[in-house]
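Residue numbers (my numbering): 23 to 94.
This is the structure we're talking about:
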């Protein structure tokens, strides 16, 4: 059962402008409680549910992070 509270680091503003795969690896290293890091291309549809063990890394068509990755 997942907790309703986030544990550890919850946002990564320093990753905006970084390659998406590098950002995903950084997130996994910096918060071991995150079980899912998804790279999502801008304009893609995603679910609106909030998951405390998930981070979405939004990237442009060149694979560069365009939004601050946050837990959710």
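The beta carbon of each residue, even a glycine, is placed where N, CA and C say it ideally should be.
Three-way DSSP call (helix, strand, coil) for residue i in this model
{"i": "residue 75", "result": "coil"}
Close Cβ partners of residue i (< 6 Å) along its chain, the five nearest in sequence each way excluded
{"i": "residue 52", "result": "31"}
{"i": "residue 89", "result": "80"}
Paired residues, beta bridge with residue i - DSSP
{"i": "residue 58", "result": "76"}
{"i": "residue 81", "result": "63 and 87"}
{"i": "residue 33", "result": "92"}
For residue j and residue i, believed in contact at Cβ under 8 Å, the rounded distance
{"i": "residue 81", "j": "residue 63", "result": "6 Å"}
Buried or exposed (CB count within 10 angstroms, at least 16 for buried), residue i
{"i": "residue 92", "result": "exposed"}
{"i": "residue 65", "result": "exposed"}
Same chain, Cβ closer than 8 Å to residue i, neighbours up to 5 away in sequence not counted
{"i": "residue 8", "result": "For the chain, the structure presents residues 23 to 94; residue 8 sits outside this window and is missing."}
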